[in-house]
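In our numbering, the protein residues as written are 5 to 244.
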């Protein structure tokens with residue numbers, strides 16, 4: 005009965021150890037999901053922000069390209085207008101209303117210069133916006149790379165914490181339980197095997213000595229053999 009009580013107690017302790025390890029695993033799994041979830045959310049937010057900026061930049065790039073083409077056209081028109089103005093200033097034979105023609109050509113030059121300056125100003129504004137957006141994209145890319153590099157480190161940290169917690173739990177377990185190496189189940193099996201082998205060995209010794217291990221009684225066969233031997237010895241002594 006005492007042996008059965010020890011077995012029941014050991015099984016209870018083993019179940020408690022398994023339950024504690026299961027709770028530890030579940031707790032650390034929750035931590036992993038929480039930390040990785042926050043990292044994934046951060047990565048997703050950065051990715052969404054990058055996509056948003058790219059979507060905002062795309063039409064600006066297209067507008068800037070159109071403005072550049074417009075600037076090239078204005079530069080050509082301005083060059084032609086200046087050439088026409090120079091010819092008018094030199095004066096051409098037979099040209100009537102010279103002053104009026106000069107004024108119109110000069111006004112055309114001024115108009116093209118103003119329009120060209122405005123277009124160039126718009127291009128400069130777009131360039132500043134795109135440059136700022138590119139700087140933001142570079143910062144976001146660095147944050148995204150850092151977040152992705154953080155995930156393996158977080159996993160390793162959590163794994164180390166889990167190993168340490170299991171080792172601490174095993175170190176505080178009852179004798180014969182799980183060892184610090186996490187081989188509790190194997191240790192229990194070996195201890196049980198030793199107890200079983202010891203029990204069989206004791207039973208065999210008792211059987212050889214004329215006892216049955218369970219009931220502790222002498223076997224009749226041995227008693228008969230002992231009695232017959234004693235009878236034979238007595239008869240021999242009598243005959244002598």
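C-beta: ideal position from N, C-alpha, C; glycine also.
Residue 105 and residue 113 have their C-alpha atoms roughly 12 Å apart. Note on residue 170: 16 or more other CB atoms within 10 angstroms of its CB, so buried under the neighbour-count rule. The C-beta distance from residue 35 to residue 162 rounds to 6 Å, short enough to fall under 8 Å. Put simply, of 151, 152, 71 and 92 the residue whose alpha carbon is nearest the alpha carbon of residue 128 is 71.
The closest CA to that of residue 137, considering only 43, 75, 37 and 55, is found on 55.
Comparing C-alpha distances from residue 125 to each of 160, 67 and 102 shows the shortest one belongs to 67.
Residue 109 is positioned such that its CB atom lies no closer than 8 Å to that of residue 78. In its chain, beyond the 5 residues on either side, 123 have a beta carbon closer than 7 Å to the beta carbon of residue 74.
Taking 8 Å as the upper bound for CB-CB distance, residue 61 and residue 134 are in contact here, some 6 Å apart. Taking 8 Å as the cut-off, the beta carbon of residue 165 is found closer than this to the beta carbon of residue 32.
Taking C-beta atoms as the reference points, residue 158 and residue 43 count as a pair closer than 8 Å. Around the beta-carbon of residue 151, 16 or more other beta-carbon atoms lie within 10 Å, marking it buried. Contact between residue 144 and residue 117 fails: their C-beta atoms lie close to 40 Å from each other, not under 8 Å.
A direct Cα-Cα distance of roughly 18 Å separates residue 40 from residue 146. Residues 109, 112, 113 and 116 of the same chain have their beta carbon placed closer than 7 Å to that of residue 85, with the five preceding and five following residues left out of the count. For the pair residue 51 and residue 148, the CB atoms are nearer than the 8 Å cut-off. Short of 7 Å from the beta carbon of residue 26, and not among the five residues preceding or following it, lies no beta carbon of its own chain. In summary, residue 22 is exposed, with fewer than 16 beta-carbon neighbours lying within 10 Å of its beta-carbon over all protein chains present. Assignment of alpha helix (DSSP H) within the region 105-179, counting only whole runs of 4 or more residues, yields no such run.
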